[in-house]
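Colleague: Below are the structure tokens for one structure; questions will follow.
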Amino acid sequence: MKPFLKTTLAALFTAGLWSGSTSAQELLFWSKQAKPVEEAQAMRDKVLSGFEGDVDFQPNDSGPWLTRLQAETAAGSGKIAVLGALHGDFTTIADDLVDLSDIDLGDTAMNATFMALGMLGTDEQKYLPWMQATYVMAANKKALEHLPEGADVMALSYDQLIAWSKTMAEKTGSPKFGFPAGPKGLKHRFFQGYLYPSYTNSMVTKFASAEAETAWTVFKDLWAVTNPGSTGYSAMQEQLLSEEVWVAFDHTARLAGAFNERPDDFIAFPAPAGPTGRGFMPVVAGVAIPKTAPDMEGAKALVAYMTNPSTQIETLKATSFFPVVDVELPADMPPAVQTSGAAIAAMSGAADANPGLLPVGLGDLGGQFNQVYVDAFERIVLGGEDVRAVLDNQAEELRRIMNEANAPCWAPDAASEGPCPVE
Amino acid sequence: MNPRTLPYWLLAPALVFLCVFFLYPFSLVAWQAIATDEGVLTTQYLQRMASHWKFDRALTNTLLLTAAVVPIQLSLALLMATMVSKMNRGRDVVLYIWTIPLGISDLAAGLIWLAIFDQTGFLNSALFGLGMIEQPVTFLGYQNKTTIFVAVMLAEIWRATAIMLVILVAGIGLIPKEYNEAAEVFGAGRWKRFTKVTLPLLKPSLQTALVLRVILAFEVFAVVSALGGTNLPVLMGEVYDWQFKLQDSHIAASYALLILAISIAFTLLIMGLLRTPKGAQTT
Amino acid sequence: MSTAGGRVAGNDRLAHWVFIATTVVLCGWVLVPIWLLISNTLSTASEVNSFPKPVVPSLNTENIQFFLTFHGAGNALWNSIQVAFATMIMAISVGAPAGYALSRFDFRGKNAFRVLVLMTRAFPLPLLALPMAILFIRVGLDDTVIGLAIVHTTLALPFAVLITFSLFSGIPIELEEAAWTLGCNRLQAFRKVILPLVLPGLAASAIFAFVISWNEVFAAAVLTIEHRTLPAFLLQSLDDAPLHLKFAGGTMLVLPALIFIFLVRKYLFAMWGIANR
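Residue numbers (my numbering), protein chains in the order written: chain A, 1 to 423; chain B, 1001 to 1283; chain C, 2001 to 2277.
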């Protein structure tokens, strides 16, 4: 019919494209972490090159990451050997992961809290902790002269942060505090692990309490002196480098770019404190093996390799995520590690420290749990809706999620029997 | 070959292809919108979608954007296509330049336009350099929904007009020059020739260009998310959120069905308005 | 026209200048953002982050070099080219006959078919990716160039079918009938008379198929591992990259598509001479 297409040639050509995979020895490391090009490059060249076998490190956005994993699980066979993701990503896929408790970690001393988190509320070791991070504040040194009188930047309160941001806005003519409220920003962890614990000493139970109302009112005050471009921010290092903002709150790995590029211009300091202490929360990434992994032995060897102290140090250099095992850090660390490391030490060592834990036992409702906080933010702060009405409304949704997941409370909420109550 | 069965033979490859690689996966997804995991038919997911507080905003924004962008793109593409057809020298170069955005993915387009409207971006740099502002303006702040909307409009018009342009250029090439010349002999002005000769003869291509563009407009997402952040929820963004963030594939499938329904409705409308006869009539 | 009076000639000259001015403005509208992309690519990291931005970049090639030396980029580029060409061939060879049938025959189910073709474009691909991936893993199409090309073909097919349909519709059926009376059979008439006329449409379909395949990220990221395409390889990670690398990566992705359009562009109006029939 269409000789110009030379259908026969086309058939030959396409037949050549049918070739499936040839090498089965390579282990596929399917990761949601270390996505930025430079980090991925460092993972391949520095971290994984030391492993005895060949590793194909492929970082992905959450969409493709999850879709491929679900497809392999449903089809009953796959290529993924090892998964790398955050604690929250694993909660939704716990059933598809193999038990890792038989992996011999040698004499590596793993953080016990994180090991417990890795069980995901089951009695199997669903993932092994891989690396950790947390959220801190960062500031351009130019901002320091505007600090309120008597304020210690290493021990700020929320009120002082607001006063500081207000002064900066007045003195420079534009708001200089930035908050990652964009579509890919990690704002939910701020509300769950920082704002709520600092004002209510709770994450779930007191979601709609009078203290929570105060917390949101305070945050609205902060928002009034926050750069309005914040609803588009995802990683604050960009706006710090462009000096669109001078002071910002974000994940350490998302601030690292600024510290590394211009180490002399920026400082890191602890998150602020409220009436019930200095709330903060760790972020834990883990490595796990899906039940469909083609080479179980190889996969387990790779998972064990990731927890080696020397691998952990290389990982820290590559990703700015800190080790989860006991290890002495060498002196030649990148500036970001030194700067944010000092801030984290000050935060966790503070007298008023109020550490929270990551949500556990939520199963595949983890995403909807986060959305409760994000929706509260969008409605109260962006939409200007009544605080009390929104909290009551969102509390219903939170209650439904906790009951459906049948998840007991975690720190800072007191342990509960049965699902964590929302008062 | 038998002329009665010939059309079916010609359609067969496409039909088989679509059934295996589209209808089959599609039916599996669509089923999730109307049935529970246990296979019981239900409308609860559609109801939950429609009662969610973001639903109205996402639907309105998507429709508004389409209504604002597509007519401008249509006029612009028509203008460009007629201009190209009138050119003698440089036609090649001009058409090539005008089709450049075609090669640019929506993600890259979002990146470019963010670099323009950003607080430290090119527009602010230019205004600042010309001394028109003293402080960078926050164009994309959450209070300036209109500015965000306009920015998204501009970016979409820039990015996706070429799709229509290419289709129309290929269509205009088929209009015999004699028609226009004949109309000119009878004293028809430029505008009259355009509306009475070119437009009617271009109908098949216009229909195709419009249908394809409108369908793509209902799936707008990457540019909106780059420029608008969370300020401008659209339907496609909700699909992503429910599928991958909230991980409720029932609601995600409901949104997808909604996008499909709107698209089909508008397709039928456009096909009805710009009906094409079988083969073109000759004079 | 040149014999018309002075007033008309003056009008014509004015129209001529308006025509040229409009052309220039529209070219600028397209090119300025492209220039910003390229200028940011050729800037240093600190220039990209500075305010106000410099007018002329420092022609720094570090960002480009980063991608040229990027582990596996060459391989990914080759995969992308294979997928794009396979998509093009499949979309046209499956789509053009259907477009011809739609324009030349009245038959039952015609409108149903047109809507079906469009549905592939109107339904969000990220949701289809899951059942497709399951299917592909089961039948062995997973992680093959042809498998991904099949997905991209479903995206490109509406363009191929509808564009060829609208062009075939623009060609008088009498032209074909004339060829039949002159002794051509249906196939010959198609080849000798119709085909040359729809070449621009085929070129347009080819451009769309190529560009759609080239820029598609989601399915590529899910369905290819060893045969990962360039966008899946780069764009996935670009999102979290520092600003200066984002721009460089964007430029690297755009260039091959622009080269392809450049090569095909002349076929878009190859037939202008002949249209004077």
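For each residue, glycine too, the CB sits at the ideal point set by N, CA and C.
Since we're looking at a predicted model, the values are computed, not measured.
1. List the residues of chain C that B:Asn1105 touches, going by C-beta distances under 9 Å, in chain order.
2. Within 10 angstroms of its Cβ, does A:Thr22 collect 16 or more other Cβ (buried), or is it exposed?
3. Excluding the five sequence neighbours on either side, which residues of its own chain have a C-beta within less than 7 Å of the C-beta of C:Phe2279, listed in chain order?
4. Would you mind giving the Cβ-Cβ distance between A:Leu144 and A:Val153, rounded to the nearest angstrom? I have them listed as a contact below 8 Å.
5. Between B:Lys1054 and the rest of its own chain, which residues show a CB-CB distance below 7 Å, the 5 nearest in sequence each way excluded?
6. To the nearest angstrom, how far is the alpha carbon of A:Gln70 from that of B:Asp1248?
7. Scan the region 2022-2053 of chain C for residues whose Cβ lies nearer than 9 Å to a Cβ of chain A and list them as they occur along the chain.
8. Counting only Cβ pairs nearer than 8 Å, list the residues of chain C close to B:Leu1260.
9. Contact between the region 1102-1116 of chain B and the region 2032-2040 of chain C: three or more CB pairs below 8 Å?
10. Distance, Cα to Cα, A:Lys426 vs A:Ala285?
11. Considering only the alpha carbon of each residue, which of C:Thr2069, C:Lys2110, C:Phe2165 and C:Leu2014 lies closest to C:Phe2100?
12. Scan the region 2055-2080 of chain C and note each continuous alpha helix (DSSP H) run of 4 residues or more that stays entirely inside, going in chain order.
13. I'd like to know whether the C-beta atoms of A:Trp410 and A:Leu357 end up nearer to each other than 8 Å.
14. Taking 8 Å as the CB-CB cut-off, is B:Lys1245 touching chain A?
15. Ignore the nearest five residues each way along the sequence and tell me which others in C:Leu2167's own chain have a CB closer than 6 Å to its CB.
16. Shortest alpha-carbon distance to B:Asn1061 belongs to which of B:Leu1269, B:Ser1027, B:Thr1120 and B:Val1152?
17. The beta strand (DSSP E) spanning A:Thr134 covers which residue range?
18. Please state the DSSP three-state secondary structure of C:Ser2043.
19. Measuring CA to CA, which of C:Leu2230, C:Ile2225, C:Gly2109 and C:Gly2095 is closest to A:Arg68?
20. Are the region 2244-2260 of chain C and the region 2091-2107 of chain C in contact at 8 Å, needing three or more beta carbon pairs?
21. Please state whether the Cβ-Cβ distance between B:Thr1099 and B:Leu1154 is less than 8 Å.
22. If you measure beta-carbon to beta-carbon, which residues of the region 1012-1038 of chain B are closer than 8 Å to chain C?
23. If we ignore side chains and look at the alpha-carbon of each, how far apart do C:Leu2116 and C:Pro2124 end up?
24. Kindly indicate which three-state DSSP category A:Ile80 falls into: helix, strand or coil?
25. Closer than 9 Å by beta-carbon distance: list the chain C residues that pair up with A:Glu261, in chain order.
26. Could you pull the DSSP bridge partners for A:Asp250 from this structure?
27. Taking buried to mean at least 16 other C-beta atoms within 10 Å of its own C-beta, is C:Leu2118 buried or exposed?
28. Can you list, in chain order, the residues of its chain with a C-beta nearer than 8 Å to that of A:Glu417? Leave out the 5 residues immediately preceding and following it.
29. Taking Cβ-Cβ distances shorter than 7 Å, what residues in chain B pair up with C:Lys2266?
30. In the region 259-309 of chain A, which residue ranges form an unbroken beta strand (DSSP E) of at least 3 residues, counting only runs that do not cross its ends?
31. Could you check whether the region 227-239 of chain A touches the region 173-185 of chain A, counting it as contact only if at least three pairs of C-beta atoms, one from each stretch, sit closer than 8 Å?
32. Tell me, please, whether the region 393-403 of chain A touches the region 1003-1013 of chain B by the rule of three or more beta-carbon pairs shorter than 8 Å.
33. In chain order, what residues of the same chain have a beta carbon less than 7 Å from the beta carbon of B:Leu1018, not counting five sequence neighbours either side?
34. Indicate the three-state DSSP secondary structure (helix, strand or coil) for C:Leu2127 in the structure shown.
35. Examine chain C for any beta-carbon lying closer than 8 Å to the beta-carbon of B:Trp1098, and answer yes or no.
36. Mind listing, in chain order, the continuous alpha helix (DSSP H) runs of no fewer than 4 residues lying wholly within the region 374-409 of chain A?
Modeller: With the structure as the only source:
1. Here residue 1105 of chain B refers to the residue found at position 105 when the second sequence is read from its first residue. Position check: residue 1105 of chain B holds Ser in this sequence, whereas Asn was assumed. In chain order: Val2211, Trp2214, Asn2215, Glu2216, Val2217, Pro2231, Leu2235, Gly2250, Leu2253, Val2254 and Ala2257.
2. Position 22 of the first sequence, counting from 1, holds the residue named residue 22 of chain A. Below a pLDDT of 50, predicted positions are generally treated as unreliable, and A:Thr22, at 46, falls in that range; the measurement from the model is reported next regardless. Under this definition A:Thr22 is an exposed residue.
3. Within the shown structure, residues of chain C are numbered from 2001 to 2277, placing residue 2279 of chain C beyond reach of any answer.
4. If you number the first sequence from 1, residue 144 of chain A lands on position 144. If you number the first sequence from 1, residue 153 of chain A lands on position 153. Between A:Val153 and A:Leu144 the Cβ distance is about 7 Å, and since that is below 8 Å, they are a contact.
5. Residue mapping note: residue 1054 of chain B aligns to position 54 of the second sequence, counting from 1. Cβ within range, chain order: Pro1233 and Glu1238.
6. What you label residue 70 of chain A is simply residue 70 of the first sequence in a count that begins at 1. What you label residue 1248 of chain B is simply residue 248 of the second sequence in a count that begins at 1. Roughly 13 Å between the two C-alpha positions.
7. Ala2045, Ser2046, Val2048, Asn2049, Ser2050 and Phe2051
8. For the purposes of this step, residue 1260 of chain B is identified with residue 260 of the second sequence, where counting begins at 1. Those within 8 Å of B:Leu1260 in chain C are Met2119, Ala2122 and Phe2123.
9. yes
10. Residue 426 of chain A lies beyond the range of chain A shown here (1 to 423); nothing can be said about it.
11. On the third sequence, residue 2100 of chain C is found 100 positions in, with the first residue counted as 1. It should be pointed out that residue 2100 of chain C corresponds to Tyr in this sequence rather than to Phe. The residue with the shortest Cα to Cα distance from C:Tyr2100 is C:Phe2165.
12. 2062-2068
13. Locating residue 410 of chain A in the first sequence gives position 410, where the first residue counts as 1. Locating residue 357 of chain A in the first sequence gives position 357, where the first residue counts as 1. Contact flag set, yes.
14. Residue 1245 of chain B sits at position 245 when you count from the first residue of the second sequence. Yes - at least one Cβ of chain A is within 8 Å of the one on B:Lys1245.
15. Locating residue 2167 of chain C in the third sequence gives position 167, counting from the first residue. Taken in chain order, the residues that qualify are Val2198 and Gly2201.
16. Here residue 1061 of chain B refers to the residue found at position 61 of the second sequence. For B:Asn1061, the nearest C-alpha among the options comes from B:Val1152.
17. The residue you call residue 134 of chain A lines up with position 134 of the first sequence. It spans Leu128 to Asn140 - the beta strand (DSSP E) in which A:Thr134 sits, taken as one unbroken run.
18. Translated into positions along the third sequence, residue 2043 of chain C becomes position 43. Reduced to three states, the DSSP call for C:Ser2043 is coil.
19. Position 68 of the first sequence, counted from the first residue, corresponds to residue 68 of chain A. Checking every option, the nearest Cα to that of A:Arg68 belongs to C:Ile2225.
20. no
21. Start at 1 with the first residue of the second sequence, and residue 1099 of chain B comes out as number 99. Start at 1 with the first residue of the second sequence, and residue 1154 of chain B comes out as number 154. Cβ distance not < 8 Å, so B:Thr1099 and B:Leu1154 don't count as in contact.
22. Pro1013, Ala1014, Leu1015, Phe1017, Leu1018, Phe1021, Phe1022, Leu1023, Tyr1024, Pro1025, Phe1026, Leu1028 and Val1029
23. Here residue 2116 of chain C is taken as the residue at index 116 of the third sequence, counted from 1. Here residue 2124 of chain C is taken as the residue at index 124 of the third sequence, counted from 1. Whole-angstrom Cα-Cα distance: 14 Å.
24. Here residue 80 of chain A is taken as the residue at index 80 of the first sequence, counted from 1. A:Ile80 falls in the strand class under three-state DSSP.
25. Indexing the first sequence from 1 puts residue 261 of chain A at position 261. Within 9 Å Cβ-Cβ: Ala2045, Ser2046, Asn2049 and Pro2242.
26. Indexing the first sequence from 1 puts residue 250 of chain A at position 250. In DSSP, A:Asp250 forms a bridge with A:Val136.
27. To locate residue 2118 of chain C, count along the third sequence from 1; it is residue 118. Looking at its Cβ environment, which holds 16 or more other Cβ atoms inside 10 Å, C:Leu2118 is buried.
28. To locate residue 417 of chain A, count along the first sequence from 1; it is residue 417. Closer than 8 Å at the Cβ level, and outside the excluded window around A:Glu417, lie Pro408.
29. Stepping through the third sequence from its first residue, residue 2266 of chain C is reached at position 266. Here the neighbours are Asp1092.
30. 266-269, 278-280 and 282-288
31. yes
32. no
33. Walking along the second sequence from the start, residue 1018 of chain B turns up at place 18. Answer for B:Leu1018: no residue qualifies.
34. Counting from 1 along the third sequence, the entry for residue 2127 of chain C is found at position 127. DSSP places C:Leu2127 in helix when its eight states are reduced to three.
35. Counting from one through the second sequence, the residue named residue 1098 of chain B turns up at place 98. It does; some Cβ of chain C falls within 8 Å.
36. 387-405
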